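Structure record follows, encoded as structure tokens.
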Amino acid sequence: MDFVVSYPKSGNYWIRLVAAAYGTEVAPEDLVQLKSGDLAELKLTDIDVRHYQSVSPVPVSDIGFTGQVRLRPAAMFLLVQDAALLESRGPLLVQSHHISAQVNGITLWHSEWADRVVNPVRDPREICCSHAAHFGNSYEETAQLMADPNARTGPGETPDLQWFTSTWSTHVRSWLTEDDIPVHTVRYEDLKADPVGGFYDVFDFLGVSDLDVEVLEDAVATTRFDRLQKAEKEQGAPAAAPDQEQFFRSGQTDGWKQELPVEVARKIEEDHGEMMEKLGYL
């Protein structure tokens, strides 16, 4: 089972959209609305309530995060069964934002059910802008969260289950140093600059057979940001957070220069300078 794992707002959803569009004749509005029967793969996540509730003797709402971690190995094997039903659809990526780490001595990841991980990373200053808009927080609150070693997050529709994200730097470092599971790290900025080349490398890493550049070009064209924005404007996007005006907000790589207050940008650079330098953001 293959995953796309990232700190939130780093390109996770875009990568899954391109994978879902590869080799299909799906329209942008279907990608936005998730109304096509061929898009069940976009709903695969490693914190699906169904999987955890199936192995929990009590309501998931009562287990807390520690209980979630204890149930995770059993829940993941149920997820493997669901993913196996969709294997014929080409590149299949399960969503996660979990750090690669242990919680109370229990590892969040295991090579028995995690075959490969695509790991998009993004300039944390740009993440701050997108994250603040998505969750309805201020830039200052978001920068503080990005420096919180105990930070967790979760989608609005499953508030009882959460991903352990920790700090941005810790999250990125955990996947750059992962040695038990094959990881392909790609900068969001590089994907934006050369999407066909970048996604070719992603799909090659995933072992996609008979990888076709023209088919890949079609998938990239279908998921162009302006087309997704247009479809969302016309139909709305159920994936949007309640406090967010739009899900496909900007997709920029340097919009933070005009949007982010200088003092917030400096705080992010102070908190994460070492990792930003390593990734070429400073």
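For the sequence shown, our numbering assigns the number 14 to the initial residue and increments by one for each residue that follows. For each residue, glycine too, the CB sits at the ideal point set by N, CA and C. These numbers come from a predicted model, not from an experiment.
Rounded to whole angstroms, what is the Cα-Cα separation between residue i and residue j?
i, j, result
"residue 272", "residue 161", "23 Å"
"residue 259", "residue 287", "Since pLDDT at residue 259 reaches only 49, below the 50 mark, its modelled position is unreliable, and no value is offered."
"residue 87", "residue 109", "16 Å"
"residue 167", "residue 149", "14 Å"
"residue 281", "residue 156", "6 Å"
"residue 66", "residue 227", "42 Å"
"residue 63", "residue 279", "42 Å"
"residue 267", "residue 26", "19 Å"
"residue 101", "residue 59", "20 Å"
"residue 145", "residue 138", "11 Å"
"residue 76", "residue 231", "44 Å"
"residue 192", "residue 83", "23 Å"
"residue 68", "residue 294", "43 Å"
"residue 48", "residue 36", "A caution first: residue 48 carries a pLDDT of 42, below 50, which makes its placement in the model unreliable, though a value can still be read off. Computed Cα separation, rounded: 18 Å."
"residue 210", "residue 219", "14 Å"
"residue 78", "residue 284", "26 Å"
"residue 177", "residue 90", "20 Å"
"residue 96", "residue 274", "42 Å"
Under a three-way DSSP split, which group does residue i fall into?
i, result
"residue 58", "strand"
"residue 25", "helix"
"residue 287", "helix"
"residue 108", "strand"
"residue 157", "helix"
"residue 81", "helix"
"residue 138", "helix"
"residue 275", "helix"
"residue 128", "coil"
"residue 269", "helix"
"residue 200", "strand"
"residue 18", "strand"
"residue 94", "helix"
Tell me whether residue i is buried or exposed, calling it buried when 16 or more other Cβ atoms sit within 10 Å of its Cβ.
i, result
"residue 94", "exposed"
"residue 163", "exposed"
"residue 136", "buried"
"residue 24", "buried"
"residue 81", "buried"
"residue 233", "buried"
"residue 71", "exposed"
"residue 270", "exposed"
"residue 41", "Confidence in residue 41 is poor, its pLDDT being 48 and thus under 50, which makes the residue's placement unreliable; the coordinate value appears in the next sentence. Buried, since its Cβ has 16 or more Cβ neighbours within 10 Å."
"residue 127", "buried"
"residue 237", "exposed"
"residue 117", "exposed"
"residue 223", "exposed"
"residue 98", "exposed"
"residue 147", "buried"
Hey, out of the options, whose CA is closest to residue i's CA?
i, options, result
"residue 104", "211, 14, 200", "14"
"residue 276", "34, 122, 152", "152"
"residue 55", "68, 33, 294, 73", "33"
"residue 198", "26, 58, 130, 122", "130"
"residue 187", "35, 217, 283, 121", "121"
"residue 292", "117, 118, 203", "203"
"residue 112", "200, 189, 221, 215", "189"
"residue 16", "216, 289, 143, 225", "216"
Looking at residue i and the ligand ZN, is the gap between the Cβ and the nearest heavy atom below 6 Å?
i, result
"residue 177", "In the structure shown, the ligand ZN is absent, as is every other ligand, since no ligand is present at all."
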